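*Asks:* Residue numbers (full-length UniProt numbering): 1 to 1147. Ideal Cβ positions, reconstructed from N, Cα and C, are used throughout, including at glycine. As the structure is a computational prediction, the values presented were derived from the model and not from experiment.
(1) Apart from the five residues on each side of it in sequence, which residues of its chain come closer than 6 Å, Cβ to Cβ, to residue 6?
(2) Could you please give the first and the last residue of the uninterrupted beta strand (DSSP E) stretch that includes residue 470?
(3) Rounded to whole angstroms, what is the Cα-Cα separation between residue 276 and residue 467?
(4) Return the chain-ordered list of same chain residues with a C-beta closer than 6 Å to the C-beta of residue 1203, the five sequence neighbours on each side being excluded.
(5) Just list the alpha helix (DSSP H) runs in the UniProt domain "Peptidase M48" (2–123), keeping only unbroken ones of 4 residues or longer that don't cross its boundaries, in chain order.
(6) Between the Cα of residue 1021 and those of 1028, 1013 and 1027, spot the shortest distance and give me the residue it belongs to.
(7) Pairs of beta-carbons, one from the region 584–600 and one from the region 699–714, closer than 8 Å: are there three or more?
(8) Using a Cβ-Cβ cut-off of 8 Å (strictly less than) and excluding sequence neighbours within five positions of residue 49, which residues of its own chain qualify?
(9) Compute the Euclidean distance between the alpha carbons of residue 572 and residue 511, then round it to the nearest angstrom.
(10) Starting from residue 566, trace the beta strand (DSSP E) in both directions and tell me its first and last residue.
(11) Just the Cα atoms here: how many angstroms apart are residue 472 and residue 384?
(12) Measure from the alpha carbon of residue 562 to the alpha carbon of each residue in 493, 1048, 1089 and 755, then state which is nearest.
(13) Enumerate in chain order the residues of its own chain whose CB-to-CB distance from residue 508 is below 6 Å, with the five nearest sequence positions on each side excluded.
(14) Going by DSSP in three states, residue 1113 sits in which element: helix, strand or coil?
(15) By Cβ distance below 7 Å, which residues in the same chain neighbour residue 309 in space, the five residues on each side in sequence not counted?
(16) Hey, quick one: how far does the alpha helix (DSSP H) through residue 1151 stretch, first residue to last?
(17) Please report the straight-line C-alpha distance between residue 191 and residue 217, rounded to a whole angstrom.
(18) Quick one, are the C-beta atoms of residue 350 and residue 381 less than 7 Å apart?
(19) Please report the straight-line C-alpha distance between residue 729 and residue 789, rounded to a whole angstrom.
(20) Indicate whether residue 748 and residue 740 have their beta-carbon atoms separated by less than 7 Å.
(21) Would you list the one or two residues that DSSP bridges to residue 311?
(22) Going by CA-CA distance only, name the one from 55, 570, 638 and 832 that's closest to residue 113.
(23) For residue 706, does the count of other Cβ atoms within 10 angstroms reach 16, so buried, or fall short, so exposed?
(24) Return helix, strand or coil for residue 1076, following the three-state DSSP convention.
(25) Buried or exposed: residue 409, going by 16 or more other Cβ atoms within 10 Å of its Cβ?
(26) Just the Cα atoms here: how many angstroms apart are residue 1080 and residue 993?
(27) With distances taken Cα to Cα, identify the nearest neighbour of residue 584 among 550, 258 and 682.
(28) What does residue 781 pair with, by DSSP beta-bridge criteria?
(29) Less than 8 Å between the CB atoms is what I'm expecting for residue 442 and residue 463, so what's the real figure, rounded?
(30) At which residue ranges does the region 183–252 contain complete alpha helix (DSSP H) runs of 4 or more residues, listed in the order of the chain?
(31) For residue 872, tell me which candidate among 865, 860 and 885 has the shortest Cα-Cα distance.
(32) Measuring alpha carbon to alpha carbon, tell me which residue in 684, 643, 631 and 672 is nearest residue 659.
(33) Can you list the alpha helix (DSSP H) stretches of 4 or more residues lying completely in the region 655–721, in chain order?
(34) Might you give, ordered along the chain, the residues of its own chain that have their beta carbon closer than 6 Å to the beta carbon of residue 82, omitting 5 neighbours on each side?
(35) Using the beta-carbon count (16 or more within 10 Å), is residue 985 buried or exposed?
(36) Would you kindly work out how many angstroms separate the C-alpha atoms of residue 358 and residue 32, rounded to a whole number?
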């Protein structure tokens, strides 16, 4: 704009016509004077006079033009100010022109006396004098306030751009620290093995030139202070290990930190070798570099550990941006050097040499640690003030964690110190500086490549005006052994004003680099670049890609920074070139903006806005850039005939909109939901050419503005004001619950119904948004409802109909899945709070929030039953060697109620006798069965195990063993009741020779068996506890051999529910049961004498004979009835044989 105002000023001041008139006079005067001189003077004198006259006339004409240009500058500045242009930009323009002259070397051939324009310094000085006037004129023109940021702050960036665009033949410097020279040099100096080589390679043709020291062979020097000879050995010196360029002064420095220096003194035995290290400097364009401090005159030998300093292990020049504001850098021709060189083994702990404004100083750590390696990495930046240059150096070995020191070169003091946090992470091994948040202050990046399992990480410290760093983020490597952060670089790759971060991870596979885009928000990976991406043939291999990364520089003059990445193991240097980045923003318009119900079509217009950083275009830029906008219309409801449209453009123009007509389908019913329009922008790339296109735009990554969405609504017709005022009332009700909204935990699922009724204008797009308590789910989802499980509580959104007319009622009933609700104590006061929100596109003047409370209660009990397999055993008929008796007690537990049991137990008390008793009854290990599965029970006291070695007749025991347990199994024993000294000691418990063995008897000790019943989950689960006992019959008879006895053995069982502690018990259940087994025993009678038996038999026979004699006398043995029957039978036979009867029978 200033150039335009300047040219307009020439026209306004009539400079063009004046210059033309003055030129005519100049030429006429020159011709006339020349004619007269040649007429009146000899040729030599005439020639001299004519030359003088030409010079005089040219100087006068040039003076006139300079005055015109000065006057045009003044008027043009006023015009620009009145046009609301920032006058400070004029100063930026002059600085850019000065840089252009410097790069083109025009200033070397300009003679101020014959210049048509004033010098740029004078024009800039005059503009500074007129600046207050220009600012006042701008203020009088009522222009907007000047931007807070001074445009001169961006001047270093502009300078850098001009410099890069003016360099026609861009080259890259590549160091090969273990490289060798060509064959002729090796033949000349056979000892010169791996001295290190630096290559200057052209980008266009990949041709490389070797940069060498002035002398590639070993050099000799002389140290005058101690009169010592010096021999500098070049082999294995690692020339090219560290490289830095002073962009302001055009100086190239290459260091060889492993250069060995041999120091010897003539005529003595002093001969010492030190891993000294050397640096070489020269012009950037030069192929030969001169050695620095060849005679070690600036090196101090006073300290104890002066040897092996590794001078030049790291080197860094302050960049153009940083040195521009340094004090004292006034003269254009005067070089002001700002450099820092690391010597990590100097003084054993490391030092750095700082050159600030040509003044050299040595800085060392004030807190000594011989493992520090201070100077391992170096950098510089403006971290706290825009005019305060600070140097940075890393000491990654300090106290095994590492530290980074910030140095103020003016005061030669440490400004601050940043320490590592983990042992062995090598904090400070790599450094980088960049303005990540675009606040004008540099930020510091510190690498710790050995963190974790050598994963590595990078610390991000933001510089602030408070004079201290703020750590905002840590970037972590993901691959074990990858050494993420081994190399770091920073620069604005996408030209968005925020510097980006490039991090190398050279041991991750064959090598990977990561790019993090800077910005005011959280840093995220925008690109991951692997070494395998650059393989052109299968046999090729790139290894340790990311071992070194150059500072980003625009090498192809397209306005975007490029980087070079080293892969030392395979010997590659890979250049990654950047393409211009475009940021697209889409705007969507529709015609009309509201659809009528009978509409059949509408017009959609997509207007793209492109934001591209201005770049310098050249002839290679003639190709057009194509783009495509994909439009998705009403994808969900599909009420349009076209759902996907593609709008293509052959060029990128911000003021051109793309449009298309969209037809609406017939017979659509939903007029409430607006038609959604989603647009996405993409660039169309032509991949036919294998050549890199440096001006081909690429879409900015993670750009949310390249997509847009709009909604086209229908006219719903709610009165003239087009505002629907509804009045919705709502009621909530639970189903399948008890009185007072009470639900028994574990019972059947419930339902929640909400009824809505509208008493106002139609309610469009009315939805119910339910929020359920934790663990409450839906048994089934209604087709017009949607679930949202992204949050802790389930959210269900239901469409209640569209619309809800005046007086219309709508019900939404949700079936709730209560299976996951097993513990009411997790909720506040055993209550569940349900809530729902009514949302509508209309203005609802009624109910908007619905709250409903469900009371929770536990209802569960355990019912206990018990029995013995035999209630009584009789021992009177047993022989002397009778077998032992096995008996058992069985208990069954039933769960009643719907609520689950969290914790319950079955407690069995088994009676024991005193400690001095002998074994009478054995008890086997209890067995608990729940639904056929066996579980363990535990005893409060230690049960004594005994092997039943004395128990006989195992087969007899087995028939009583329901579960076929081996009689050899271990058992706990009960004691012999006889040994309790019955009836003396148990006199109180003995009534009619009855002995009670139970836990109610004071003298009887009991053991308690506890069985967990947590496995009783459902009503079908039944717990069964079986306890088997063994009665030793022999000892039992021995104890009661002379008396009748009855033993009542009783076990007590109790079932208890521990959790839930608050519950409703069910009537008719038993929680305590006693099971008893009785044993009866009657002593055997004594044997009768033989004589008593014989006498008894004889007496019996005598009595029998007397009874028979008496009965015979009485006629007992004479049976008269029998005789009468016999006589009657004889008479019947006689009649049968009578002749008349016989004849009759014959007839």
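*Replies:* On the basis of the coordinates in this document:
(1) 72 and 76
(2) Element bounds for residue 470: 469–476.
(3) Their Cα atoms are separated by approximately 36 Å.
(4) Residue 1203 lies beyond the residue range present for the chain, which begins at 1 and ends at 1147; the question has no answer from this structure.
(5) Runs of the alpha helix (DSSP H) lying entirely within the UniProt domain "Peptidase M48" (2–123), each at least 4 residues long, are 2–12, 15–40, 43–82 and 88–104 in chain order.
(6) 1013
(7) yes
(8) Cβ neighbours of residue 49 within its own chain (closer than 8 Å, five residues either side excluded): 37 and 41.
(9) 12 Å
(10) 563–567
(11) 16 Å
(12) When each option's Cα is compared against that of residue 562, the closest is 493.
(13) 479 and 482
(14) helix
(15) 276, 277, 343, 345 and 346
(16) This structure gives no information on residue 1151, because the portion of the chain shown stretches from 1 to 1147.
(17) 9 Å
(18) Not in contact: residue 350 and residue 381 (Cβ atoms no closer than 7 Å).
(19) 28 Å
(20) For residue 748 and residue 740, no; Cβs fall outside 7 Å.
(21) Answer is none; residue 311 lacks a bridge partner.
(22) 55
(23) buried
(24) strand
(25) buried
(26) 10 Å
(27) 682
(28) In the DSSP output, where bridge partners are listed per residue, residue 781 has none listed.
(29) 5 Å
(30) 183–188
(31) 885
(32) Nearest C-alpha to residue 659 among 684, 643, 631 and 672: 631.
(33) none
(34) The residues are 137 and 141.
(35) Confidence in residue 985 is poor, its pLDDT being 41 and thus under 50, which makes the residue's placement unreliable; the coordinate value appears in the next sentence. Exposed, by the Cβ-count rule.
(36) 58 Å
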